[in-house]
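Just so you know, we're using this note's numbering here: the sequence shown kicks off at 35 and counts up by one.
Heads up, the beta-carbon is just placed ideally off N, CA and C, and yes, glycines get one too.
Note that the coordinates shown come from a computational prediction; the quantities given were computed from them, not determined experimentally.
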Amino acid sequence: MPDNEYTNEVLTSEQTDESRTDAVQAAEIPAAEPADVFVQPAATAAPTAPGPDISFSRNMLTNALNVVDTLNSDREQLKQYNDAKRRLDKDLEALKRNIEKEKNDTVRNRRTDVEAGFDRQIRDIDSEISDINNRRQRARAEGVKARVENNTAGLREEIVSMKAQMKEYLKEKGAPSIFASRLYYTFFSPMNIWDWIIDIIIAAALVGAVIMAYVKRLPLPGFLSVLGCVVAVIAIYVVIASKTKEKYHEEMMTCKNILKGIAEREKTIKAISKNIENDKDDTVYNLGEFDNELQQKNQLKTEVGTQKAEALSQFDNVTRNMILNEIDSKYAADISTLQGEIAQNADAVNTFTSRVTAGENRLNSEFVQYVGTRNLSHDRIEQMIGLIDSGEATSVSEAVSKLK
35 MPDNEYTNEV LTSEQTDESR TDAVQAAEIP AAEPADVFVQ PAATAAPTAP
85 GPDISFSRNM LTNALNVVDT LNSDREQLKQ YNDAKRRLDK DLEALKRNIE
135 KEKNDTVRNR RTDVEAGFDR QIRDIDSEIS DINNRRQRAR AEGVKARVEN
185 NTAGLREEIV SMKAQMKEYL KEKGAPSIFA SRLYYTFFSP MNIWDWIIDI
235 IIAAALVGAV IMAYVKRLPL PGFLSVLGCV VAVIAIYVVI ASKTKEKYHE
285 EMMTCKNILK GIAEREKTIK AISKNIENDK DDTVYNLGEF DNELQQKNQL
335 KTEVGTQKAE ALSQFDNVTR NMILNEIDSK YAADISTLQG EIAQNADAVN
385 TFTSRVTAGE NRLNSEFVQY VGTRNLSHDR IEQMIGLIDS GEATSVSEAV
435 SKLK
């Protein structure tokens, strides 16, 4: 029975000026029996039909049960739609992330492929340029060598002649061949500053050995051994000097002058060689063929570099957008389907949110004041209806009080 019908029925039962709450409270108070009325024994009394208060209470609990069941169903539906919407939102976000990753990976890989193709060509050209440069350097080195030999041929012949002359001179004079050795003059008749430096180092080493042996306080046999070695070296030096330098002084000086002349010519040869090697003018070496090849390869490298820049620019400004559009088109249907499902679930969420709100408002406004919040559950309301149907309770308040 709708709320307005059973309310009117109660109001017409002598409650037109009282509220529904007053009607329930009046129904809970039993009417006093007149003293002169004879009461039949309970065993023989006829059952009394439910009064309007019991009917009102049962109808109200039935309506409350319907509202609670409907509200629980709506809440479950709302939860399901909310869960579905969250799942669809996650699916959509995951799909968008995958699409974005596919875009980035595809664009990066395609661009790398374009760049790698040109880089491979440039590496091949660089390898050819390196090979040409190596061949050119070898040709130049041979040219420099030939030029040095041509420009120093006279000096080399003079050196050979002077060495032969010195050997012939020593043989003729019966002087030791050691005078033809440059090393002899390093120790016995220094010819330049480097000879003097070597002699000073050797002399310092000999003196230092004796001093160190003394400072370290070596045992007497050890000290004498060091001293004996130093004395032996000096003695050998003196013997060689006396048998050569003093006895063949004139022959030694003649050979020394010849060696100085040879050293001067060798120095001149080194200077000429260095000047030729440092000469940047390569026209004398006939390297034009190599230079032409290098020019062609460098021009080709420049052209490939330009083509690479144009290809990358074309990719960045045109091809990239085409790839992105293709990927977007591939997933457009999936995106649209998910968005449509999300929109449908959003509408359902709004609908059931409104229904849950309306149901909660109805419970709060119509039933909480009679039943209490904690009793507004399916099981407890059914228990209260059972109490009324069994006659254990005649009103909502009495049924509430008898709930376990």
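Please work out which residues of its chain come closer than 7 Å, Cβ to Cβ, to E285, disregarding the five sequence neighbours upstream and downstream, and give them in chain order.
Here the set comprises L204, K207, A209, F213.
Just the Cα atoms here: how many angstroms apart are R220 and L252?
Checking the displayed sequence, the identity of residue 220 turns out to be Thr instead of Arg. Going from the Cα of T220 to the Cα of L252 covers about 33 Å.
Sort R389, Q341, N384, D362 by Cα distance to E149 and report the nearest one.
Checking every option, the nearest Cα to that of E149 belongs to Q341.
Kindly list the residues whose CB is nearer than 8 Å to the CB of T96, restricted to its own chain and excluding five residues on each side of it in sequence; keep chain order.
These residues qualify, in order along the chain: I419.
Could you give the distance in angstroms between the alpha-carbon of I422 and the alpha-carbon of N395?
Distance between the alpha carbons of I422 and N395: 26 Å.
Pick out whichever of V338, G339, G393 has its Cα sitting closest to the Cα of L99.
Taking only the C-alpha atoms, the option nearest L99 is G393.
Could you tell me the alpha carbon to alpha carbon distance between S445 and L126, rounded to whole angstroms?
Missing from the structure shown is residue 445; the chain here goes from 35 to 438 and no further.
Express the C-alpha separation of V338 and L189 in angstroms, rounding to a whole number.
Spanning the two alpha carbons is a distance of roughly 52 Å.
Report, in whole angstroms, the separation of the C-beta atoms of I193 and I296, which I expect to be a contact under 8 Å.
Confirmed, Cβ separation roughly 5 Å.
Around the Cβ of I415, are there at least 16 other Cβ atoms within 10 angstroms (buried) or fewer (exposed)?
I415 is buried by the Cβ-count criterion.
Kindly list the residues whose CB is nearer than 7 Å to the CB of I376, restricted to its own chain and excluding five residues on each side of it in sequence; keep chain order.
Within the same chain, I376 has close Cβ partners K119, L122, D123, L126.
Going by CA-CA distance only, name the one from T391, R408, K331 that's closest to Q155.
Taking only the C-alpha atoms, the option nearest Q155 is K331.
Look at the alpha carbon of L397 and the alpha carbon of Y115, and state the distance between them as a whole number of angstroms.
Straight-line Cα distance between these residues: approximately 23 Å.
Figure out for me which residue from G374, F324, D368, S399 has the closest Cα to the Cα of N168.
Nearest option by C-alpha distance: F324.
Quick one: what does DSSP say N320 is sitting in, helix, strand or coil?
Reduced to three states, the DSSP call for N320 is coil.
Work out the CA separation of L346 and T146 for me, nearest whole Å.
Each residue's alpha carbon lies about 10 Å from the other.
Taking DSSP as the reference, what is the three-state secondary structure of T340?
Residue state, collapsed to three classes: helix.
Rounding to the nearest angstrom, what Cα-Cα distance links I369 and E134 in this structure?
When rounded, the distance between both Cα atoms is 13 Å.
Would you decide whether A79 is buried or exposed? Buried here means 16 or more other CB atoms lie within 10 Å of its CB.
Any reading at A79 needs caution, since the residue's pLDDT is 33, under 50, leaving its predicted position unreliable; the model's value is listed next. By the neighbour-count rule (16 or more Cβ atoms within 10 Å), A79 is not buried but exposed.
Going by beta carbon distance, what residues of the same chain come within less than 6 Å of S307, once the five residues before and after it are set aside?
Closer than 6 Å at the Cβ level, and outside the excluded window around S307, lie V182.
Counting pairs of beta carbons, one from the segment 343 to 361 and one from the segment 157 to 177, are three or more of them closer than 8 Å?
Verdict: no, contact absent.
Apart from the five residues on each side of it in sequence, which residues of its chain come closer than 6 Å, Cβ to Cβ, to Y319?
Answer for Y319: R174, G177, listed in chain order.
Name the two residues that bound the continuous alpha helix (DSSP H) containing V260.
Taken as a continuous stretch (DSSP letters only), the alpha helix (DSSP H) holding V260 covers 254 to 274.
Do you know offhand how far P84's Cα is from L410's?
Confidence at P84 is low in this model, with a pLDDT of 44, below 50, so its placement is unreliable and the value that follows should be read with caution. Going from the Cα of P84 to the Cα of L410 covers about 24 Å.
Would you give the residue range spanned by the alpha helix (DSSP H) that I303 belongs to?
Unbroken alpha helix (DSSP H) run through I303: 283 to 312.
For L334, tell me which candidate among I88, F152, W230 has the shortest Cα-Cα distance.
Comparing Cα-Cα distances from L334 to each of I88, F152, W230, the minimum goes to F152.
Below 7 Å CB to CB, which residues in the same chain sit around M196 once its five sequence neighbours on both sides are set aside?
Contacts found: I292, G295, I296.
Can you tell me the Cβ-Cβ gap for M225 and K290, rounded? I've got them flagged as a contact below 8 Å.
Correct: roughly 7 Å between the Cβ atoms.
In whole angstroms, what separates the C-alpha of Q417 from that of S107?
Using only the alpha carbons, I get a separation of about 20 Å.
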